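Trainee:
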Amino acid sequence: MRTATCSKALIAAFIVVTFVGVGTCEAIPINVQVLSATIKDKKVEDATVTLQKNGEQSAVGTTDSRGQVSLNFSSVDDASALLIIKKEGYSNLVVKCPCAGMTYAISPVMNNLDGMRAVLVWGAQPRDIDAHLLVLPQKSTDTVQKTHIFFGNKSDWWDKTQNQLLDVDNTTGYGPETITINRKLEGVRYIYSVHNFSDASKPRSDGLSKSGAKVFVYVGKTLIKTFEVPKSTGNLWTVFTVSEVGELQESGLMQSVAANTGPGSYQLEEYLMATNAPQLIKPEINFKTMHPSTSIKLDAMAESLNKEGEMAYHSGNLDESIRLYQAAIELDGNYGQAYSNLGLAFQKAGREAEAMWANRKAIALANGPTAATVRASSHFNNGKIYEAASQWSDALREYQHAKNEKTNPVYDKAIQQMLEKAGH
Numbered sequence: 005m006r007t008a009t010c011s012k013a014l015i016a017a018f019i020v021v022t023f024v025g026v027g028t029c030e031a032i033p034i035n036v037q038v039l040s041a042t043i044k045d046k047k048v049e050d051a052t053v054t055l056q057k058n059g060e061q062s063a064v065g066t067t068d069s070r071g072q073v074s075l076n077f078s079s080v081d082d083a084s085a086l087l088i089i090k091k092e093g094y095s096n097l098v099v100k101c102p103c104a105g106m107t108y109a110i111s112p113v114m115n116n117l118d119g120m121r122a123v124l125v126w127g128a129q130p131r132d133i134d135a136h137l138l139v140l141p142q143k144s145t146d147t148v149q150k151t152h153i154f155f156g157n158k159s160d161w162w163d164k165t166q167n168q169l170l171d172v173d174n175t176t177g178y179g180p181e182t183i184t185i186n187r188k189l190e191g192v193r194y195i196y197s198v199h200n201f202s203d204a205s206k207p208r209s210d211g212l213s214k215s216g217a218k219v220f221v222y223v224g225k226t227l228i229k230t231f232e233v234p235k236s237t238g239n240l241w242t243v244f245t246v247s248e249v250g251e252l253q254e255s256g257l258m259q260s261v262a263a264n265t266g267p268g269s270y271q272l273e274e275y276l277m278a279t280n281a282p283q284l285i286k287p288e289i290n291f292k293t294m295h296p297s298t299s300i301k302l303d304a305m306a307e308s309l310n311k312e313g314e315m316a317y318h319s320g321n322l323d324e325s326i327r328l329y330q331a332a333i334e335l336d337g338n339y340g341q342a343y344s345n346l347g348l349a350f351q352k353a354g355r356e357a358e359a360m361w362a363n364r365k366a367i368a369l370a371n372g373p374t375a376a377t378v379r380a381s382s383h384f385n386n387g388k389i390y391e392a393a394s395q396w397s398d399a400l401r402e403y404q405h406a407k408n409e410k411t412n413p414v415y416d417k418a419i420q421q422m423l424e425k426a427g428h
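Read in order, the letters of the sequence shown are residues 5 to 428 in this note's numbering.
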């Protein structure tokens, strides 16, 4: 029940959640702060912040020199409202509310084809939540070795290129905590987890589940996935993995662990290793999996959105086609054809890194009589992207994968060209 009065809400300058009764006041100030995801404590000025809800008037404002903005919102700050943050040179951030009193971090656009960034934010409590990335190669070599990125080891100890980095560590609440993978490598599994350091000695604490923690995953210019902390007890949340072939896989596992988590400690790493079991990878969580009783209708809705996306694509409206494909995937996260179409739309729109991410998901989800064709064409499209970037060895690998799926003289020609360019 919402019991706080409107006057109390108006007095608060920064509050984590504003409780109001519907219709109790005309406008409530929603205060948020915007920071950089990659530079600690850097306030982002002149970001456009929009708070909107269907059927309601949107509230729009611009952040000041402190990265702060106050929006006069005439509706309720709840899960039906969306906050949108835009700034030139950064990826757009779209997040579900409640948003009052929250700090959000926006990600500078990534230019690497195989880059990925995970940004963790939460509320005022717990004060110290930590992001962890475990890097597990199938075989250790001179170029990649098992690595655990966290506050005690902020970059690759063995690699001067610092392929994985903890950009920002936060110990005073809100976040952000940011980990960047500058280049995902084939044959390497990445496990991303969140640990409640404040409650390290309280394994069954519910502090993490009540923190409002969210993890935003970026590829290229785009926020591709948002993960929200499960509502269950535990102090270690394994959020996602990236498979050896580059597929982003949701885990969502919450564990209660008692481990020494200081720098140099390997106890927590052992728990993270245990989450590497394939059976712990969940199917894609989406509206369909959350509402199984309506799955038939949702299948039809997703198919309809995908068809609308195809129409928009063929008419040249790429932004609309991307939106529609993403809407179809939101309903059915295992819709391989929608991912395949999304990859094509991203590629044509010049968003190559995003296209490769979508293609890899299409490859993983391909099934039925056309599965080999989908996998082959998706590998071939990724090869073309690498070739355009003069990454000959990567392009060669993708073309060879395409040929392994299906015989095609086009693939043979592409392979020969890459062999010549790569000097084989």
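Glycine included, each C-beta is placed from N, C-alpha and C at the ideal position. Remember, it's a predicted structure, so these values are computed and weren't measured experimentally.
Just verifying my parser: in three-state terms, what is the DSSP assignment at residue 114?
Mentor: Coil, per DSSP.
Trainee: Can you tell me where the alpha helix (DSSP H) holding residue 396 begins and where it ends?
Mentor: Membership of residue 396 in the alpha helix (DSSP H) is indicated by the continuous run 396-409.
Trainee: Leaving out the 5 sequence neighbours to the left and right, which residues in its chain are closer than 7 angstroms to residue 398 when beta-carbon positions are compared?
Mentor: Taking residue 398 as the centre and dropping the five residues before and after it, the same chain places the C-beta of 390 closer than 7 angstroms to its C-beta, in chain order.
Trainee: Do the region 196-208 and the region 121-135 meet, that is, are 3 or more Cβ pairs less than 8 angstroms apart?
Mentor: yes
Trainee: Short check: CB of residue 37 to CB of residue 71, under 7 angstroms?
Mentor: yes
Trainee: On the CB-based measure, 16 or more other CB atoms within 10 Å of its CB, does residue 422 come out buried or exposed?
Mentor: buried
Trainee: For the beta strand (DSSP E) holding residue 134, just list the boundary residues, first then last.
Mentor: 133-141
Trainee: Given residue 315, which residues of its chain have a CB within under 7 angstroms of its CB, disregarding the five upstream and five downstream residues?
Mentor: none
Trainee: Let me check understanding here. Comparing Cα to Cα, which of 99, 194 and 120 lies closest to residue 141?
Mentor: 194
Trainee: How should residue 355 be labelled, buried or exposed, when 16 other C-beta atoms within 10 angstroms of its C-beta is the threshold for buried?
Mentor: Classified as buried, residue 355 has 16 or more neighbouring CB atoms from the shown chains inside 10 Å of its CB.
Trainee: Between which residues of its own chain and residue 213 is the CB-CB distance below 8 angstroms, once the five residues before and five after are set aside?
Mentor: 233, 234, 235, 236, 237, 238 and 258
Trainee: Please state if the CB of residue 240 and the CB of residue 246 are separated by a distance shorter than 7 angstroms.
Mentor: no
Trainee: List the endpoints of the continuous alpha helix (DSSP H) containing residue 413.
Mentor: 413-425
Trainee: Around the Cβ of residue 81, are there at least 16 other Cβ atoms within 10 angstroms (buried) or fewer (exposed)?
Mentor: buried
Trainee: Please name the residue, chosen from 160, 156 and 155, that lies closest to residue 149 on a Cα-to-Cα basis.
Mentor: The candidate whose alpha carbon is nearest that of residue 149 is 160.
Trainee: Candidates 227, 210, 340 and 396: which alpha carbon is nearest residue 372's?
Mentor: 340
Trainee: Mind the definition here: the region 373-388 touches the region 401-411 only if three or more C-beta pairs lie below 8 angstroms; say whether that holds.
Mentor: yes
Trainee: In chain order, what are the residue ranges of uninterrupted alpha helix (DSSP H) at least 4 long that sit wholly in the region 304-353?
Mentor: 322-335 and 340-352
Trainee: Nearest-angstrom Cα distance between residue 411 and residue 360?
Mentor: 22 angstroms
Trainee: Inspect the beta-carbon positions of residue 54 and residue 88 and report whether they are closer than 7 angstroms.
Mentor: Yes. Within cutoff.
Trainee: Following the continuous alpha helix (DSSP H) through residue 379, name the residue where it begins and the one where it ends.
Mentor: 375-392
Trainee: Taking the Cβ atom as the reference point for each residue, do residue 261 and residue 207 lie within a distance shorter than 7 angstroms?
Mentor: yes
Trainee: Which of the three DSSP states is assigned to residue 241 in this structure?
Mentor: strand
Trainee: Could you tell me whether the region 111-119 touches the region 56-64, using the rule of 3 or more Cβ pairs below 8 angstroms?
Mentor: Using a Cβ-Cβ distance cut-off of 8 angstroms, the region 111-119 and the region 56-64 are not in contact, since fewer than three pairs of beta carbons, one from each stretch, lie closer than that value.
Trainee: Could you give the DSSP three-state label for residue 122: helix, strand or coil?
Mentor: Under the three-state reduction of DSSP output, residue 122 falls in the strand class.
Trainee: How many angstroms separate the CA atom of residue 122 from the CA atom of residue 43?
Mentor: 14 angstroms
Trainee: Buried or exposed for residue 219, going by 16 or more other Cβ atoms inside 10 Å?
Mentor: buried
Trainee: On a CA-only basis, which of 84, 40 and 305 is nearest residue 58? Give me that one, please.
Mentor: 84
Trainee: Select from 86, 95, 120 and 115 the residue whose C-alpha is nearest the C-alpha of residue 104.
Mentor: 86
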